[in-house]
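Below: the structure, in structure tokens.
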Amino acid sequence: VTTHPDLQISVDYVDTPPYPGKVVTFTVHYTNNAAIGTTGVVLTATKPPSVTYVGPGALWQESAKSADILYLATGDLPAWMTGTQQFAIQVPLTFTREMTNFDIRFSIGDSGISGAESQPSDNQVVAPLGVPDLTIVDVVVEGKVWGNQSGVVQVVIKNQGTGTACNSVPGPGSPPDFCAPFFVDLYVNPDPPPQSYPYDRYGEFYSTVEPIPAGKVVTIPIAFSPLAVSPRFFYVKVDNFKEDPSRPYSLVPEYEEYNNVFGPVYPPYNTFLPLVIRGR
42 VTTHPDLQIS VDYVDTPPYP GKVVTFTVHY TNNAAIGTTG VVLTATKPPS VTYVGPGALW
102 QESAKSADIL YLATGDLPAW MTGTQQFAIQ VPLTFTREMT NFDIRFSIGD SGISGAESQP
162 SDNQVVAPLG VPDLTIVDVV VEGKVWGNQS GVVQVVIKNQ GTGTACNSVP GPGSPPDFCA
222 PFFVDLYVNP DPPPQSYPYD RYGEFYSTVE PIPAGKVVTI PIAFSPLAVS PRFFYVKVDN
282 FKEDPSRPYS LVPEYEEYNN VFGPVYPPYN TFLPLVIRGR
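Here the working numbering = 1-based position in the sequence shown + 41.
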């Protein structure tokens, strides 16, 4: 027979990558999995300094230790009973390089009047809210290249961030877990070279990139059609699309927007040597 309470906490939320200004609501579930009730139950949420607590529901209070530690006293929790609360945050309107994630840590405790916790290992949970960071690792031009020729450029892209890289900004009618593809552009002899941030002109050719999980590397081919001029060099830019003039970032909000361009890449050429006929 259990003589101590057994508190447990879990969290539900839509974990698609955040975009500037996004509000994320966490539904916190807590349970007493024991035959003995407990008193003075308190939920605690620890957030990064960069995010803002915005409700909803019952008002969580700031801890005396830190404005980034908030708590909610829920009262007594009888044997086998459960409860649900909500906690919502808004991420910053602008991402900076140190904002690699907006993870929230939730925990549960009580006054201890009923005795020590019988299974403390499930008294806390981390809700990951990672931010992507795209970079181009390598660009390989297949075959020899000259004017009036088709070809393929293989672009190696890595998501070195902590969240899935995708277009996570929903439009009208989009589902809450919206996470769509984005683009990678190929520029031929650009002068000047494309900027990494903010949006620059489009490349002459492009390919679509499916969402890339955190830490993954993918290779995307970009096919180019016959060119009017000989390509002396290429540049490649990942995530280059201007959808909303008021939005400085492209489709994928990243914590580092200045590493999305790769180049110059000098393609190999066919070399024609003059034919010399020796006299006999």
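Every residue gets a Cβ at the ideal spot worked out from N, C-alpha and C, and that includes glycine.
If you're wondering where the values come from, they're calculated on a predicted model, not measured in any experiment.
- As the crow flies, the alpha-carbon of residue 172 is around 43 Å from that of residue 44.
- The distance from the Cβ of residue 65 to that of residue 170 is about 6 Å, consistent with a contact at the 8 Å cut-off.
- A contact between stretches requires three or more CB pairs, one per stretch, nearer than 8 Å, and the stretch 82-97 meets this requirement with the stretch 57-72.
- In the DSSP assignment, residue 149 falls within the unbroken beta strand (DSSP E) covering 145-150.
- Contact annotation: residue 263 and residue 246 have beta-carbon atoms nearer than 8 Å.
- Nearest Cα to residue 292 within the set 274, 233, 50, 58: 58.
- Residue 235 counts as buried, since at least 16 other C-beta atoms from the protein chains shown sit within 10 angstroms of its C-beta.
- Between the alpha carbons of residue 140 and residue 211 lies a distance of about 21 Å.
- Considering only 91, 182, 238, the residue with the shortest C-alpha distance to residue 174 is 238.
- In terms of Cβ geometry, residue 136 and residue 168 do not form a close pair [threshold 8 Å].
- The residue from 229, 51, 95, 105 with its alpha-carbon nearest to that of residue 274 is 229.
- Burial check for residue 63: the Cβ neighbour count within 10 Å reaches 16 or more, so the residue is buried.
- Straight through space, the alpha carbons of residue 266 and residue 252 are spaced by roughly 26 Å.
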